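Asks: Have a look at the structure that comes next, please.
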Amino acid sequence: MPDHRHEDRCCICGFIPPYLVESLADSEDARVRKVAFATLEATTTARATRLVNPSQLLGRSVAPGQGRSRVVYDMEGRSMPLPGTLRRTEYQSAVLQDEVDEAFENAGRTYEFYRSVMGLDSLDGGGFPIVSSVNFGFQVGNAFWDGERIVYGAGDGNLFLPFTRSLAVAAHEMSHGVLSFSSDLDYEGETGALNESFCDVMGISVEQYTNGTSVAEARWSLGAELLGPALADVEAIRTFEARPAFKDHPNLSTDPQPKHMRDYVFTDKDRGGVHINSGIPNHAFYLVAQALGGNVWDRSARIWFEAFTNVLNRRASFQQAALATASVARQKFGEEAGLAVSNAWRAVGVQPDVRP
Ligand SMILES: [Zn+2]
Ligand SMILES: [Zn+2]
Numbered sequence: 001m002p003d004h005r006h007e008d009r010c011c012i013c014g015f016i017p018p019y020l021v022e023s024l025a026d027s028e029d030a031r032v033r034k035v036a037f038a039t040l041e042a043t044t045t046a047r048a049t050r051l052v053n054p055s056q057l058l059g060r061s062v063a064p065g066q067g068r069s070r071v072v073y074d075m076e077g078r079s080m081p082l083p084g085t086l087r088r089t090e091y092q093s094a095v096l097q098d099e100v101d102e103a104f105e106n107a108g109r110t111y112e113f114y115r116s117v118m119g120l121d122s123l124d125g126g127g128f129p130i131v132s133s134v135n136f137g138f139q140v141g142n143a144f145w146d147g148e149r150i151v152y153g154a155g156d157g158n159l160f161l162p163f164t165r166s167l168a169v170a171a172h173e174m175s176h177g178v179l180s181f182s183s184d185l186d187y188e189g190e191t192g193a194l195n196e197s198f199c200d201v202m203g204i205s206v207e208q209y210t211n212g213t214s215v216a217e218a219r220w221s222l223g224a225e226l227l228g229p230a231l232a233d234v235e236a237i238r239t240f241e242a243r244p245a246f247k248d249h250p251n252l253s254t255d256p257q258p259k260h261m262r263d264y265v266f267t268d269k270d271r272g273g274v275h276i277n278s279g280i281p282n283h284a285f286y287l288v289a290q291a292l293g294g295n296v297w298d299r300s301a302r303i304w305f306e307a308f309t310n311v312l313n314r315r316a317s318f319q320q321a322a323l324a325t326a327s328v329a330r331q332k333f334g335e336e337a338g339l340a341v342s343n344a345w346r347a348v349g350v351q352p353d354v355r356p
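Residues in the sequence shown are numbered from 1 upward in steps of one, following full-length UniProt numbering.
Below, the structure is given as structure tokens:
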């Protein structure tokens, strides 16, 4: 068994960030406020449970080993105790329950990406069993990595659909696992924004790899599959492109993510804005992908993976990420690729040449 344990103080790394839950909680629509509070309460419960007894949360009846091993549990609308009722294991066929089978496929596709593209056997490189718990809590509009497993809310059906619907979001959450087993980047400030950005980058890369879409064909945003009828007018939760994902929305307000250092948001919330300032490295990655073209998994995602899991230390800054990605690009793919990466960081206001 890998000996990794998250520290007690660790976050619940939810895909829907605090700024969005707050906007929903401020809505004039009582049903919207209800979903916001249900989501907040359930994730707070999960965090509290972990503080009390982390060992309770370990995946039981899961033998570690080599190769792909997926297990899906069902919380059936409860928020404790995790992981819930066992529904499907690696050698079982579909159980014909959407959330269970979707979680199983998400884990399989994420595993396949990390194995084939990155040469990593599961999230830890040692066949870590990928455990999912679906239908977490009542009307919970979020998914998160709790340090040991991915936990999916089923949404309320109006604002949010079941979170198992989005492969990119699922791959984002599982990528928190990959980071915790490698560089273990802090989840605070600039470093935390790098942590969040890495997961967005890997999430969208898993999606593009699975669908076989090129950089030019791809949709460069996350979370569209989760949006229910009440958010049908919203394009996505966040985007890698320069423009905001949504603007002046009655329930979501305006996408706060900056795409350049001059707009960096200093805040005490969201552990220093980890889900906000991640927009800056996200946009840098987007510019790299555009410059290198082709498929994201050929070069861009491999540069990011190598730099973030193998070069960066757990207190890394944006500038160190810029240096690391540029030097990995140069070593792996030559001077031209290195230059493309340096230029992308410069375009978002990070200087890759100056040693911090
Ligand atoms: Zn965490
Ligand atoms: Zn995250």
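C-beta atoms are modelled at their ideal positions from N, C-alpha and C, and glycine is treated no differently. Note that the structure is predicted; figures quoted are calculated from it, not measured.
Can you find a heavy atom of ligand 2 that lies under 6 angstroms from the Cβ of GLU148?
Replies: As a working note, residue 148 is residue 148 in the sequence shown. Checking the Cβ of GLU148 against ligand 2 gives no.
Asks: What is the residue span of the beta strand (DSSP E) that TYR91 lies within?
Replies: Residue 91 sits at position 91 when you count from the first residue of the sequence shown. Per DSSP, TYR91 belongs to no beta strand (DSSP E) and is neither H nor E.
Asks: Would you kindly check if the distance between the Cβ of GLY228 and the Cβ of LEU161 is under 7 angstroms?
Replies: Mapped onto the sequence shown, residue 161 falls at position 161. Mapped onto the sequence shown, residue 228 falls at position 228. Yes, Cβ-Cβ distance for LEU161 and GLY228 is below 7 angstroms.
Asks: If you draw a straight line from the alpha carbon of SER116 to that of PRO250, how long is it in whole angstroms?
Replies: For the purposes of this step, residue 116 is taken as residue 116 along the sequence shown, with counting starting at 1. For the purposes of this step, residue 250 is taken as residue 250 along the sequence shown, with counting starting at 1. Looking at the two C-alpha atoms, the distance is approximately 43 angstroms.
Asks: How far does the beta strand (DSSP E) with TYR73 in it reach, from first residue to last?
Replies: Reading the sequence shown from its first residue, position 73 is the one you call residue 73. Looking at the DSSP string, the run of the beta strand (DSSP E) that includes TYR73 is 70–74.
Asks: Let's see if you can read the secondary structure: which residues bound the alpha helix (DSSP H) around TRP345?
Replies: Locating residue 345 in the sequence shown gives position 345, where the first residue counts as 1. It spans 335–347 - the alpha helix (DSSP H) in which TRP345 sits, taken as one unbroken run.
Asks: Taking the C-alpha atoms as reference points, what is the distance between ARG271 and THR191?
Replies: Along the sequence shown, one-based indexing puts residue 271 at 271. Along the sequence shown, one-based indexing puts residue 191 at 191. Whole-angstrom Cα-Cα distance: 10 angstroms.
Asks: Roughly how many angstroms separate the alpha carbons of ARG68 and SER175, rounded to a whole number?
Replies: On the sequence shown, position 68 is the one that residue 68 refers to. On the sequence shown, position 175 is the one that residue 175 refers to. Using only the alpha carbons, I get a separation of about 16 angstroms.
Asks: To the nearest angstrom, how far is it from the Cα of LEU96 to the Cα of GLN351?
Replies: Within the sequence shown, residue 96 is the residue found at index 96, counting from 1. Within the sequence shown, residue 351 is the residue found at index 351, counting from 1. Spanning the two alpha carbons is a distance of roughly 51 angstroms.
Asks: If you reduce the DSSP assignment to three classes, tell me which class TYR187 lands in.
Replies: By 1-based counting over the sequence shown, the position of residue 187 is 187. DSSP places TYR187 in coil when its eight states are reduced to three.
Asks: My assumption, with CB atoms under 8 angstroms, is that GLN319 sits in contact with LEU312. Please give the rounded CB distance.
Replies: Mapped onto the sequence shown, residue 319 falls at position 319. Mapped onto the sequence shown, residue 312 falls at position 312. Actually they do not touch by this definition, with Cβ atoms about 11 angstroms apart.
Asks: For LYS332, which residues of its own chain have a beta-carbon under 8 angstroms away from its beta-carbon, when the five flanking residues on both sides are left out?
Replies: Translated into the one-based positions of the sequence shown, residue 332 becomes position 332. Taken in chain order, the residues that qualify are ARG299, ARG302, ILE303, GLU306.
Asks: With VAL151 as the anchor, note down where its beta strand (DSSP E) starts and where it stops.
Replies: As a position in the sequence shown, residue 151 is number 151, starting the count at 1. Where VAL151 is concerned, the enclosing beta strand (DSSP E) stretches over 150–152.
Asks: Going by C-alpha to C-alpha distance, which of THR43, ALA154, VAL71, THR213 sits closest to LEU226?
Replies: Here residue 226 corresponds to residue number 226 of the sequence shown, with the count starting at 1. Cα-wise, what sits closest to LEU226 is ALA154.
Asks: Taking just the CA atoms, how far does GLY338 sit from ALA46?
Replies: Here residue 46 refers to the residue found at position 46 when the sequence shown is read from its first residue. Here residue 338 refers to the residue found at position 338 when the sequence shown is read from its first residue. Using only the alpha carbons, I get a separation of about 42 angstroms.
Asks: Who pairs with CYS199 in a beta bridge, going by DSSP?
Replies: The count along the sequence shown starts at 1 and reaches residue 199 at position 199. None, per the DSSP bridge assignment.
Asks: Any chance the CB of GLU196 is under 6 angstroms from a heavy atom of ligand 2?
Replies: Indexing the sequence shown from 1 puts residue 196 at position 196. GLU196 has its Cβ nearer than 6 angstroms to a heavy atom of ligand 2.
Asks: Could you say which of ASP186, MET118, ARG330, MET75 lies nearest to VAL131 if we only look at CA atoms?
Replies: Taking the sequence shown and counting its residues from 1, one reaches residue 131 at position 131. VAL131 has its Cα closest to that of MET75, out of ASP186, MET118, ARG330, MET75.
Asks: Start and end of the alpha helix (DSSP H) containing TRP304?
Replies: Your numbering for residue 304 matches position 304 in the sequence shown. Where TRP304 is concerned, the enclosing alpha helix (DSSP H) stretches over 300–306.
Asks: How is ILE16 classed by DSSP in three states: helix, strand or coil?
Replies: Within the sequence shown, numbered from 1, the residue matching residue 16 stands at position 16. Here ILE16 sits in coil by DSSP.
Asks: If I measure Cβ to Cβ from PHE136 and keep anything under 7 angstroms in the same chain, skipping five residues before and after, which residues do I get?
Replies: Locating residue 136 in the sequence shown gives position 136, counting from the first residue. The beta carbon of PHE136 is closer than 7 angstroms to those of ALA42, MET75, SER79, VAL151, TYR152, GLY153 in its chain, skipping five residues each way along the sequence.
Asks: State buried or exposed for ASN211, treating a residue as buried only when at least 16 other CB atoms are found within 10 Å of its CB.
Replies: Your numbering for residue 211 matches position 211 in the sequence shown. By the 10 Å Cβ count, ASN211 comes out exposed.
Asks: Here's the rule: buried if 16 or more other CB atoms are within 10 angstroms of the residue's CB, otherwise exposed. What is ALA322?
Replies: On the sequence shown, position 322 is the one that residue 322 refers to. With 16 or more other Cβ atoms within 10 Å, it is buried.
Asks: Would you identify the three-state DSSP class for ASP353, choosing helix, strand or coil?
Replies: In the sequence shown, counting from the first residue as 1, residue 353 sits at position 353. Note: ASP353 maps to coil in three-state DSSP.
Asks: Kindly give me the distance between the Cβ atoms of THR164 and GLU102, rounded to whole angstroms, as I take these residues to be in contact under 8 angstroms.
Replies: For the purposes of this step, residue 164 is identified with residue 164 of the sequence shown, where counting begins at 1. For the purposes of this step, residue 102 is identified with residue 102 of the sequence shown, where counting begins at 1. That belief holds up - the Cβ atoms of THR164 and GLU102 are roughly 4 angstroms apart, short of 8 angstroms.
Asks: Taking its Cβ as the centre, do 16 or more other Cβ atoms sit within 10 Å of PHE128, making it buried, or is it exposed?
Replies: Taking the first residue of the sequence shown as position 1, residue 128 is located at position 128. Buried is the call here.
Asks: Tell me whether the region 228–237 and the region 196–216 touch, counting them as touching only if at least three CB pairs, one residue from each stretch, are closer than 8 angstroms.
Replies: Touching, no.
Asks: Could you tell me if ALA94 is buried or exposed, where buried requires 16 or more neighbouring beta carbons within 10 angstroms of its beta carbon?
Replies: The sequence position of residue 94 within the sequence shown is 94, counting from 1. Classification for ALA94: exposed.
Asks: Compute the Euclidean distance between the alpha carbons of ALA30 and LEU82, then round it to the nearest angstrom.
Replies: Within the sequence shown, the letter at position 30 stands for residue 30. Within the sequence shown, the letter at position 82 stands for residue 82. Whole-angstrom Cα-Cα distance: 29 angstroms.
Asks: May I ask you to report which of helix, strand or coil DSSP gives HIS283?
Replies: Walking along the sequence shown from the start, residue 283 turns up at place 283. In the structure shown, HIS283 adopts helical secondary structure according to DSSP, grouped into three states.
Asks: Run through DSSP, which three-state label would ILE204 get?
Replies: Your numbering for residue 204 matches position 204 in the sequence shown. Three-state DSSP puts ILE204 in a helix.
Asks: Exposed or buried, which one is TYR148 when buried takes at least 16 other CB atoms within 10 Å?
Replies: Residue numbering aside, residue 148 sits at position 148 when the sequence shown is read from its first letter. The residue asked about is misnamed: residue 148 is Glu in this sequence, not Tyr. Buried, because 16 or more other Cβ atoms sit within 10 Å of the Cβ of GLU148.
Asks: With H, G and I counted as helix, E and B as strand and the rest as coil, what does DSSP make of LEU194?
Replies: The count along the sequence shown starts at 1 and reaches residue 194 at position 194. Looking at LEU194 - three-state DSSP - the assignment turns out to be helix.
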